[in-house]
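Read in full-length UniProt numbering, the sequence shown has 210 at position 210, and its numbers run on one by one without any break.
Some notes on the structure that comes next.
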Amino acid sequence: MYLTQFGFEQAPFSLTPNTQLFHGLPPHYEAIQTVMSALNMGEGVVKLTGEVGTGKTMVCRMLIEQLENDFALVYLPNPVLDGDGLRFAIANELGLEATDPHRLVDQIQAKLVELREQGKPAIALIDEAQALSDEALETIRLFGNLETVTDKLLQIVLIGQPELDERLQQHHLRQFRQRITFSARLRSLSLEEAVAYIDHRISVSGGDTNVFKLSQKKAIWRAASGIPRIINQLCHKALLLAVSTNKQKVINQHLFDAMKDTYVVQKPKVQNAIFMGVATGMSVVNSALTKLAQQEKQGASNIERAEIPKLKKTSPVVWIIGGFSLSLALGGFAVSQQQTLIQNEQNDLVTTSVMLAPIENAAVINSPTKSPVQTDSVSLYQAPKEAVTRVQVAEEKVVSPTKPVTKTQKQEVTPKPVVAKAEPVKAKPVVQAKPIPEPILIAKVETKPEQEQMKVEQVELTAEQLAEKSIARAEKALNANDARTAFSEYNKALKLVPTDEKTRQKLAAIYYGRKDTRRAVNLLQQGIRLNEKSEALRLALAKLLIKEQQPEAALSSLSYMPDNASEEYLALRAGLAQQTKNVEIAEESYKELSERDPSNARWWLGLAIQQERQLEYADAKESYTKALGLVGISKQTQAFIRDRLQLLNSLEGEE
């Protein structure tokens with residue numbers, strides 16, 4: 001879309017590895033030189049690893065161009081195979097039409113010797129090698145044993161992600177690990193290398209390197225963490241956005257929008273002066289694609305853009321006034337509550353003081369030492385200062401004539417204030433003023449018998465219980481169409497209980513639904529390694545491989561014969577064996593099926609065909625006859641059986 005505007009002769013930042021755009025930067029150059037040197041020295045197994053997007057496939061393409069003239073290449077881009085599948089794949093790449101798995105290795109060895117004599121030694125390049133099963137790795141190790149007196153017949157280059165290194169650290173793969181003579185690892189690009197990478201691709205494609213400013217190239221490198229694939233994505237989207245806005249150069253807004261639209265990228269945390277972006281509901285890149293499609297009139301259709309009416313929104317003034325009124329109401333309520341608390345406290349003090357007065361009066365009247373004037377003198381004004389202390393003084397020191405007489409003034413106390421204050425008084429202050437001969441318990445905690453107490457104990461859940469909770473959350477997420485949460489929870493459950501075959505199958509189905517076939521196959525193969533007798537996992541793996549049009553690999557997963565195999569397992573095994581012309585497995589399966597269900601004509605027919613291929617004419621004739629005598633087959637099949645019987649009878653007559 002932007003080739004013409006910027007003068008490009010080809011797409012400079014295509015994600016498809018284009019060797020014309022290869023630039024011998026140190027990471028890639030050193031990796032190629034390491035592999036080439038090891039192969040020229042005749043080493044058996046060489047390993048190259050690197051993170052996703054660092055350029056492994058580009059290096060692999062460059063190696064093919066360097067090696068194809070002098071070597072016989074076996075290139076396996078998708079090694080999701082078991083041992084037999086890997087052998088068949090290598091035989092196919094070598095041009096062999098192999099059908100017998102027992103003679104397959106001998107045929108491959110003979111072909112390798114022939115190529116070595118022709119001066120074209122064989123090299124196998126296996127991409128995505130982290131997907132190889134343990135069985136396939138063992139098969140590769142055994143291929144390393146094929147050699148002449150001085151040379152290896154098959155040299156192998158494994159190219160994969162860092163997970164390959166992690167797998168090879170396992171103890172049971174130590175023999176294979178020792179066969180690796182040289183290893184190389186691709187790293188991400190430095191700042192200088194990234195700038196040179198961008199400039200080289202633009203210049204080779206016929207463009208002007210100034211389309212990106214140096215500051216923008218630095219920002220691209222930083223956001224992409226130096227990974228070439230993400231650098232390509234950011235540059236491609238930024239150029240696309242520049243065209244959509246009719247700009248001859250990329251501006252910071254374009255680059256910022258490209259970063260927001262790109263997955264696994266370190267997005268800017270702050271929209272500063274360098275990257276000021278405007279958030280929009282629709283992806284800016286998607287908007288640009290739509291705009292360009294409309295301008296160029298590509299992919300025109302009868303579908304018109306829907307006019308979405310704007311929803312009527314409530315005026316913000318209403319919300320401001322409402323919020324302000326609510327805050328005033330809450331503030332007023334808080335203030336009124338505080339005043340009420342203060343008033344209640346004051347009333348409590350006054351009530352206590354008033355109640356003390358009658359108590360003192362009663363005590364004085366009973367005392368023969370007090371005079372009437374002294375009796376009328378009540379300490380009403382001192383009570384609020386220390387209410388509790390006055391209660392104690394009134395009871396213990398009521399007969400003391402000195403202290404009250406000297407400090408009180410003669411005063412006529414009318415009953416009016418006392419009566420007025422005493423009427424609303426509750427019984428609670430009177431209770432507080434009663435004599436306290438000994439401490440009274442304010443609150444008493446009665447301990448119930450041990451059997452009635454509630455105990456809170458921390459119980460540690462088992463792995464199975466934790467897995468059940470994760471599975472429940474995963475199923476709930478699936479019902480809510482939340483595949484991401486379901487995927488995460490199923491992963492947790494499987495890590496807790498690796499032998500849970502149902503969870504493993506569900507997780508593999510999610511992987512396959514995401515079009516990640518490699519991980520789905522790996523997950524099922526790992527389960528089979530944990531339980532080789534698992535019929536369910538073998539069936540699931542076979543069905544998946546059939547969908548991927550790999551019948552040989554599917555049959556390999558069913559090569560194991562369980563003791564009590566189900567009819568579904570046997571039927572699928574027999575059908576795959578018949579399709580791949582594996583007569584022995586097909587005959588074994590159909591024989592077992594016919595013994596279990598002798599009334600099924602299909603099983604007898606299948607068995608007869610395999611017996612005829614094995615030249616067991618008498619047994620084949622008997623099986624054909626049984627199939628013809630049963631119901632459930634079409635007229636065409638009946639005619640076919642009669643023809644085969646006629647042919648077998650003629651063969652017996654000739655004998």
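Idealized CB from N, CA, C, for every residue including glycine.
Sub-9 Å separation of residue i and residue j beta-carbons
i	j	result
residue 25	residue 191	no
residue 545	residue 537	no
residue 47	residue 183	yes
residue 121	residue 51	no
residue 131	residue 80	yes
residue 158	residue 45	yes
residue 591	residue 576	no
residue 642	residue 612	no
residue 541	residue 569	no
residue 548	residue 517	yes
residue 494	residue 467	yes
residue 66	residue 108	no
residue 155	residue 39	yes
residue 567	residue 593	yes
residue 486	residue 477	yes
residue 552	residue 84	yes
residue 19	residue 61	yes
residue 207	residue 12	yes
residue 97	residue 181	no
Same chain only: Cβ atoms within 8 Å of residue i, ignoring 5 sequence neighbours per side
i	result
residue 599	630
residue 175	141
residue 64	73, 75 and 125
residue 366	Here the model assigns residue 366 a pLDDT of 46, short of 50, so the residue's position is not dependable, and the following value carries that caveat. No residues qualify anywhere along the chain.
Proximal residues to residue i (C-beta, below 6 Å), its chain only, five neighbours per side dropped
i	result
residue 195	217
residue 585	577
residue 86	136 and 139
residue 168	177
residue 474	486, 489 and 490
Three-state class that DSSP yields for residue i in the structure shown
i	result
residue 248	coil
residue 514	coil
residue 331	helix
residue 627	helix
residue 132	coil
residue 155	strand
residue 75	strand
residue 605	helix
residue 487	helix
residue 183	strand
residue 24	coil
residue 44	coil
residue 262	coil
residue 209	helix
residue 647	helix
residue 123	strand
residue 49	strand
residue 83	helix
residue 147	strand
residue 322	helix
residue 160	strand
Top-ranked residue by Cα proximity to residue i, from the options
i	options	result
residue 640	468, 602 and 76	602
residue 470	460, 593 and 503	503
residue 233	245, 256, 248 and 73	256
residue 193	246, 88, 22 and 118	22
residue 543	509, 563, 532 and 242	509
residue 625	636, 605, 635 and 589	605
residue 262	245, 243, 225 and 251	225
residue 7	209, 110, 20 and 43	209
residue 113	150, 321 and 88	150
residue 530	491, 649, 461 and 500	500
residue 649	636, 621 and 243	621
residue 646	634, 4, 618 and 98	618
residue 4	491, 247 and 532	247
Rounded Cβ spacing between residue i and residue j (contact assumed at less than 8 Å)
i	j	result
residue 2	residue 240	6 Å
residue 212	residue 198	6 Å
residue 82	residue 623	Wrong, their Cβ atoms sit about 31 Å apart, outside the cutoff.
residue 571	residue 535	No, residue 571 and residue 535 are not in contact; Cβ-Cβ is about 13 Å, not under 8 Å.
residue 49	residue 229	16 Å between Cβ atoms; not a contact.
residue 57	residue 127	7 Å
residue 104	residue 88	7 Å
Cβ neighbours of residue i in the same chain (closer than 7 Å, five flanking residues each side left out)
i	result
residue 129	79, 158, 159, 160 and 164
residue 55	28, 186 and 228
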